[in-house]
Amino acid sequence: MRRLALALFACIYLLVAANAAAAKDTWTSVRSQNFHLVGNASEKEIRQVATRLEQFRDVFTRLIPNANFKSPVPTTVVVFKSDSSYKPFKPVVNGKPLEVAGYFQSGEDVNYITLTTERGRENPYGTIYHEYTHLLVNNTLGKGAVPPWFNEGLAEYYSAFEMSEDRKVYLGNLIESHLHFLRQQKLIPLRQLFDVDYRSLERNKHETRSLFYAESWALVHYLILGNEGKRLPQLGKFIDLLGKNTPTEKAFNDAFQTDILSMEKELKDYIQRHTFRAQVATFKNKLEFDSGMQSAPLTEAEAEGYLGDLLAHIGRPADAAARLERALQLDPKLSMAHASLGALLTRQKRFVEAKTHLREAVASGTRSYLAHYYYAYALSREGMDEAGRANGYDDAVAREMREHLLKAIELRPDFPESYHLLAFAALIMNDNLDEGVKMIGRARALAPGNEHYAIILAQIYMRQEKFDAARKTIEPLARDASDPQLRSIAKSILDAVQTMQEQAAR
64 MRRLALALFA CIYLLVAANA AAAKDTWTSV RSQNFHLVGN ASEKEIRQVA TRLEQFRDVF
124 TRLIPNANFK SPVPTTVVVF KSDSSYKPFK PVVNGKPLEV AGYFQSGEDV NYITLTTERG
184 RENPYGTIYH EYTHLLVNNT LGKGAVPPWF NEGLAEYYSA FEMSEDRKVY LGNLIESHLH
244 FLRQQKLIPL RQLFDVDYRS LERNKHETRS LFYAESWALV HYLILGNEGK RLPQLGKFID
304 LLGKNTPTEK AFNDAFQTDI LSMEKELKDY IQRHTFRAQV ATFKNKLEFD SGMQSAPLTE
364 AEAEGYLGDL LAHIGRPADA AARLERALQL DPKLSMAHAS LGALLTRQKR FVEAKTHLRE
424 AVASGTRSYL AHYYYAYALS REGMDEAGRA NGYDDAVARE MREHLLKAIE LRPDFPESYH
484 LLAFAALIMN DNLDEGVKMI GRARALAPGN EHYAIILAQI YMRQEKFDAA RKTIEPLARD
544 ASDPQLRSIA KSILDAVQTM QEQAAR
């Protein structure tokens with residue numbers, strides 16, 4: 064009997080062990096031209112996701128050829144094989160995960176796209192295309208230079224992107240929910256639509272915001288495809304005039320050669336029609352990207368590291384720390400996990416622990432520019448007071464920051480935040496200011512839409528007593544910044560420039 068019991072126990076143990084082994088997912092890394100994908104879906108499915116994203120990006124940039132749409136930070140795509148494996152990594156609101164099939168999370172160091180390949184009722188790509196359009200537009204033009212109605216309308220227009228046979232593109236497909244909603248509602252007057260800023264948009268009630276999105280989509284759709292496309296060149300002129308701070312009504316009249324009330328009537332007529340035609344383009348050659356992709360298996364530790372970093376970027380620090388610590392239990396030398404955990408601890412102002420992990424990350428001889436950047440960033444933040452102000456750094460700390468930032472630039476010359484932090488250090492130390500101007504200029508060239516960089520440049524010019532240059536730099540931000548807090552800071556700097564210039568003239 065005892066032998067039988069032992070035999071049964073052994074069988075049960077083997078079954079449990081086998082199930083545990085089977086439960087471990089196979090994780091794969093796929094690198095395409097503009098995206099890094101990781102996932103527990105099959106390699107074939109991950110490559111298919113990469114192809115769809117590359118096709119969207121390629122079409123978007125071809126249709127707006129004069130703009131530079133290179134993203135200043137990398138985009139990592141996490142591809143889950145099922146909704147059940149995806150659920151622990153969805154954004155949480157009021158303690159419950161959002162029921163989404165995909166989402167886009169932007170960041171200063173890395174952007175994340177997540178989705179599941181399990182087919183459900185919701186198409187994950189609509190949201191992803193919408194948010195990726197925002198990323199490309201805001202990085203290139205600057206959020207403050209693009210009015211919300213156009214930004215949201217264009218993002219919705221591109222959210223319906225479809226492609227067939229790898230060469231036939233459909234843009235501006237009908238979004239039936241928007242059209243149905245608009246036909247049931249009284250439209251927002253166009254003057255009011257144009258006056259909505261980003262702050263008021265965020266504060267609007269859900270139904271008002273839904274109407275804003277739907278009407279903005281319909282207006283952009285009409286201006287691009289309606290009236291046989293005759294309004295499209297005028298739309299470009301209108302956006303250009305708004306960017307030059309031309310009053311809305313004058314910009315509208317000059318660009319469209321009509322008044323706002325007449326355009327309202329055109330839009331209402333367009334919405335009440337039964338057909339919203341799509342824009343169809345067929346490329347001579349197929350948009351194929353698979354042959355240029357590189358794939359490799361990921362260890363369990365690496366998979367945990369990516370998942371932990373994802374959780375850190377969607378604002379779930381406790382869950383992120385648990386994943387990253389698990390990764391380091393599996394592989395104590397895993398540089399990416401040390402770097403991500405160090406960055407997380409830095410945000411929590413736990414600088415001693417953060418630097419321990421970041422030293423481990425950079426001591427491994429890592430080729431990760433982010434590890435070196437995170438270390439320099441931790442050093443820069445450790446010297447700040449509770450209000451986020453720094454009065455200076457010890458020479459040794461300043462040298463160490465500079466050393467790691469230069470290494471980060473060597474490893475990734477097109478990452479703008481490294482140049483930004485170098486310029487910030489020059490400003491705080493009141494040293495190497497000419498180099499600071501050069502560094503922040505490089506950051507602005509890489510990410511022209513980043514409004515924060517003008518703040519540093521204007522302050523350096525003030526230190527150099529180049530008041531006209533400071534004013535020219537900060538005035539657009541004080542007038543047009545999309546973030547009210549940033550606009551307030553810019554106005555304060557503008558006032559300080561005026562005061563300092565008056566004092567210098569006495």
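Just so we're aligned, residue 64 is where the sequence shown starts under our numbering, counting upward by one.
Beta carbons are placed, not taken as given, at the ideal position from N, Cα and C, and that holds for glycine.
**Study point:** Where the beta strand (DSSP E) through residue 655 begins and ends
**Key:** Nothing can be reported for residue 655: it is not among the residues displayed for the chain, which extend from 64 to 569.
**Study point:** Buried or exposed by the 16-neighbour rule on C-beta atoms within 10 Å, applied to residue 481
**Key:** Answer is buried; the Cβ neighbour count reaches 16.
**Study point:** C-beta contact flag for residue 179 and residue 146 at 8 Å
**Key:** yes
Check your understanding: Name the DSSP beta bridge partners of residue 94, please?
Key -> 99, 357
Exercise for review: Within the same chain, show all residues whose beta-carbon is closer than 6 Å to that of residue 181, passing over the 5 residues directly before and after it, in chain order.
Suggested key: 145, 146
**Study point:** Exposure of residue 91, with buried meaning 16 or more beta-carbon neighbours within 10 Å
**Key:** buried
Review point. From what residue to what residue does the beta strand (DSSP E) around residue 226 run?
Key: 225-227
Exercise for review: Let me know the secondary structure DSSP gives residue 316 once reduced to three states.
Suggested key: helix
Review point. For residue 143, which of helix, strand or coil comes out of DSSP?
Key: DSSP places residue 143 in the strand class (E or B) of the three-state scheme.
Check your understanding: Hey, out of 459, 567, 245, 169, whose CA is closest to residue 275's CA?
Key -> Restricting attention to 459, 567, 245, 169, the CA atom closest to the CA of residue 275 is found in 245.
Practice item. Give me the Cβ distance between residue 536 and residue 521, rounded to the nearest whole Å; I'm assuming they're in contact under 8 Å. Key: 4 Å
Exercise for review: Starting from the C-beta of residue 231, find all residues in its chain whose C-beta is less than 6 Å away, skip the five residues before and the five after it, and write them out in chain order.
Suggested key: 345
Exercise for review: Would you list the residues sitting across from residue 175 in a DSSP beta bridge?
Suggested key: 139, 168
Exercise for review: Rounded to whole angstroms, what's the CA-CA distance from residue 339 to residue 304? Just pull it up for me.
Suggested key: 28 Å
Point to revise | Residue closest to residue 438, alpha-carbon to alpha-carbon, out of 451, 404, 453 | key: 404
Point to revise | C-beta contact flag for residue 175 and residue 141 at 8 Å | key: yes
Check your understanding: Expressed to the nearest angstrom, what Euclidean distance is found between the alpha-carbon atoms of residue 113 and residue 470?
Key -> Approximately 30 Å, taken between the alpha carbons.
Review point. Do you know how far the Cα of residue 379 is from the Cα of residue 173?
Key: 16 Å
Review point. Are at least three pairs of beta-carbons, each pair with one atom in the segment 205-218 and one in the segment 272-290, less than 8 Å apart?
Key: yes
Practice item. Using 10 angstroms around the beta-carbon of residue 425, count the other beta-carbons present and answer buried if the total reaches 16, otherwise exposed. Key: Buried is the call here.
Review point. Beta-carbon separation of residue 371 and residue 397 under 8 Å?
Key: no
Review point. By Cβ distance below 7 Å, which residues in the same chain neighbour residue 564 in space, the five residues on each side in sequence not counted?
Key: 530
**Study point:** Ranges of the beta strand (DSSP E) found wholly within the segment 208-290, counting only runs of at least 3
**Key:** List check, beta strand (DSSP E) in window: 225-227, 231-234.
Practice item. Within 10 angstroms of the Cβ of residue 540, are there 16 or more other Cβ atoms? Answer buried if so, exposed if not. Key: buried
Practice item. Return the chain-ordered list of same chain residues with a C-beta closer than 6 Å to the C-beta of residue 534, the five sequence neighbours on each side being excluded. Key: 560
Check your understanding: Can you give the beta carbon distance from residue 119 to residue 192, rounded, assuming they're within the 8 Å contact cut?
Key -> 6 Å
Exercise for review: Apply the 10 Å Cβ neighbour rule to residue 117 and answer buried if 16 or more other Cβ atoms are within range, or exposed otherwise.
Suggested key: buried
Review point. Which stretch, first to last residue, makes up the beta strand (DSSP E) that contains residue 342?
Key: 342-345
Point to revise | Outcome for residue 362 when other beta-carbon atoms lying within 10 angstroms are tallied against a minimum of 16 | key: It is exposed - the Cβ of residue 362 has fewer than 16 other Cβ atoms within 10 Å.
Point to revise | Distance CB(residue 548)-CB(residue 377) smaller than 8 Å | key: no
Review point. Which same chain residues, not among the five before or five after residue 318, have their C-beta less than 7 Å away from its C-beta?
Key: 297, 300, 301, 304
Point to revise | Bounding residues of the alpha helix (DSSP H) (the contiguous stretch that carries residue 502) | key: 496-509
Point to revise | Between the CA atoms of residue 327 and residue 570 - distance to the nearest angstrom | key: What is shown of the chain runs 64 to 569, which leaves residue 570 out entirely.
Check your understanding: What is the DSSP secondary structure of residue 395, reduced to helix, strand or coil?
Key -> coil
Exercise for review: Quick one: grab the DSSP three-state call for residue 152.
Suggested key: helix
Check your understanding: In chain order, what residues of the same chain have a beta carbon less than 6 Å from the beta carbon of residue 446, not counting five sequence neighbours either side?
Key -> 453, 456
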